[in-house]
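Residue numbers (full-length UniProt numbering): 1 to 747. A virtual CB, placed ideally from N, CA and C, is assigned to each residue, including glycine. Structure record follows, encoded as structure tokens.
See the structure below:
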């Protein structure tokens, strides 16, 4: 396998001289009967999973080295699906057992079976089961496909649900108590509870999105269940409590034709405790409106950069500053501890390689090894990290199981060209309780509202919020049922955002209704705060050198009364370096047809307002502002292995690539705040990127940067420069209270 500081993962075996070398080598000797292939692992749907092959009488896996979508296509067709939509590495569906049958597999795409693709040969690999490959197939069968070679295991646990029994519980979501049922053939079956322990309950609750479990009143249920016909498909469940899925627990399946009884027991019933965001108390709606937080950052762990509730990059708090976790050894057990700590269930996925964007600032933990029952990730064994060990491209992330709330049932998209876009329609009920679909008024609709709509739809991030949708196919829904929608961006559904009590919409024609374009990925811009602190200085610049700047409106108003070309302006100068740490390129909202040519600067500007530079006094009032009128966006430089794609010269494409940054050096025109009229004192320097949120990002909370600033009339000192959400709430309060602490450290 590929080794990066993880020598303990790799087993190096001396290669026998006769073994074929990994590079373009002969394909393994084909198996005479048709090769059996199956999908395994958890948690998964029927069309995805770890790939397992049956060879020489035993099942084994494929290593992910050199694996590709072409290999996945061959495997999916072999399993009877029309094509592959993706593939997975690093044992996403859990580690297999036994042999690793194939390694360095390279298919051309036309092969009838994986055995005809190039590889190292049967059983010859340098991998461990940490590198087991998986595939995600398109959920569409090849017509007339006979499943002789695809192994179907009847006895598997994929879907689990709670069937509520109490009348009250049936009406409210989330369902947190009831009879445990597993999907079986065409229906649902029960589990015999003989030997059932609270540890089993913990696993079931975790799968369903609940962090805690509680004891259940069995006598109450016994009477009810004795009158029911039960079909017991599973018995003798013996979880340890740290599993993330029931399928990972030791359990037994009933024999196919045996009469499934449950001697001395009854159907298993569990009761779960929802996390704070999903409590059913009546004050919930009110509380949610004021305090829904996607990143529950009251404690010392939070999730950032995810599209849905319960997913994101894992960030931990130490010494009042947030930092990230490195992905070496990151697994479902550690991820589950984080999920439960934040009030969700167990982890659905433990993501590596900055799949939820890169963090900024410190990396605090590496090789986290939770057992699964810890109260907090801080209680798990981990290594403190040195800068040689990890970079932010290895930031760990999670996707947690969250309770089913049914929010997606009251929203839909119509008229778009793909399922990711369209006019937003919401389900409302009139005074008689009759439900019908209606439109949302497009006025004031912005990327923030679109973020919530895309989250509610389960379609990821917002790419655009559209205020009119006349160019899409019309629908028979024409009535506006919602207007004045204002979201903070963290809500779970549009109904939790502020909106008018009675609809009032100036342009009420259906073509002016709100629309969205959603996306699986989004950009995320963030400023390099230490660089601002390192590069700051004051310049007294003669007026005769500022004609261009005056034309661009980069000086404060009093410059108009100055005695041109004599005299000077006092400028606070610094470099700003803007990184795209997201998962999609940042592109200007305006198309090139509306870019503006700036003769002074000799290039086109694609965004009118891209950054605000402000100097504030202690109570937050502006005392000076930078008027950097507009910007040309380009890749100045990139991380190792990433190539530049955008440049301003020659009417080139503008934007910032993922993993690159745009540098506005301290010595370029307008890269300043005119402080000619500012008195000596203590201030706050504030820089905000994409301030009008015109372009969608995965996270707007890290778009601002603040510094304490001390100005004595001759020199300037900046300290404590930090991104808006980098400090704990307590440290942020202290920062705002003493904007220029007297014990100034001159940096």
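By alpha-carbon distance to residue 382, the top candidate from 575, 123, 334, 357 is 334.
Of 430, 61, 304, 361, the smallest CA-CA separation from residue 722 is found for 361. Taking residue 181 as reference, the option from 546, 222, 232 with the minimal CA-CA separation is 232. Taking 3 residues as the minimum length, the beta strand (DSSP E) runs contained wholly in the segment 536–581 are 537–542, 568–573, 576–580, in order along the chain. Measuring C-alpha to C-alpha distances from residue 574 to each of 336, 468, 466, 529 identifies 529 as the nearest. Counted as a single uninterrupted DSSP element, the alpha helix (DSSP H) harbouring residue 450 occupies residues 447–457. For residue 727, the secondary structure class from DSSP, reduced to helix, strand or coil, is strand.
In the three-state scheme derived from DSSP, where H, G and I count as helix and E and B as strand, residue 482 is classed as strand. DSSP, read as helix, strand or coil, puts residue 432 in coil. With a cutoff of 7 Å on beta-carbon distance, residue 113 and residue 274 are scored as not near each other. It is roughly 35 Å from the alpha-carbon of residue 238 to the alpha-carbon of residue 85.
Per DSSP, the beta bridge partners of residue 683 are 709.
Less than 7 Å separates the beta-carbon of residue 514 from that of residue 445. Taking 7 Å as the cut-off, the beta carbon of residue 132 is found no closer than this to the beta carbon of residue 70. Taking C-alpha positions only, residue 78 is separated from residue 118 by approximately 16 Å.
Rounded to the nearest angstrom, the gap between the Cα atoms of residue 443 and residue 500 is 12 Å. One alpha carbon belongs to residue 125, the other to residue 592, and they sit about 51 Å apart. Just measuring C-alpha positions, the residue of 349, 359, 88 sitting nearest residue 725 is 359. Measuring C-alpha to C-alpha distances from residue 531 to each of 548, 567, 478, 579 identifies 579 as the nearest. Three or more Cβ pairs closer than 8 Å define a contact, and the segment 420–431 meets that threshold against the segment 505–519.
Taken atom to atom, the span from the alpha-carbon of residue 50 to that of residue 100 is near 12 Å. Residue 339 sits close to residue 398, with the two beta carbons spaced by under 7 Å. Going by DSSP, residue 201 is part of the alpha helix (DSSP H) stretching over 198–207. Per DSSP, the continuous beta strand (DSSP E) segment holding residue 464 begins and ends at 461–466. Along the segment 325–398, the beta strand (DSSP E) occurs as fully enclosed runs of 3 or more residues at 347–351, 363–366, listed in sequence order. Under the 10 Å beta carbon count, residue 178 is surrounded by 16 or more other beta carbons and is classified as buried. Inter-residue distance for residue 489 and residue 523 is about 15 Å (C-alpha atoms, whole angstroms). In this structure, the beta-carbon distance from residue 307 to residue 460 falls below 7 Å. Assignment of residue 97 by DSSP, reduced to helix, strand and coil, places it in the coil class.
Taken atom to atom, the span from the alpha-carbon of residue 669 to that of residue 633 is near 15 Å.
The continuous beta strand (DSSP E) containing residue 302 extends over residues 301–304. The beta carbon of residue 481 sits closer than 6 Å to the beta carbons of 428, 438 from its chain, once the five residues preceding and following it are set aside; these are given in chain order.
DSSP places residue 505 outside both helix and strand once states are collapsed to three, so it counts as coil. Per DSSP, reduced to three states, the secondary structure at residue 674 is strand. When the five nearest sequence neighbours on each side are left out, the beta carbons in the same chain lying within less than 6 Å of the beta carbon of residue 665 are those of 575, in order along the chain.
Burial state of residue 709 is buried, judged by a 10 Å Cβ sphere holding 16 or more other Cβ atoms.
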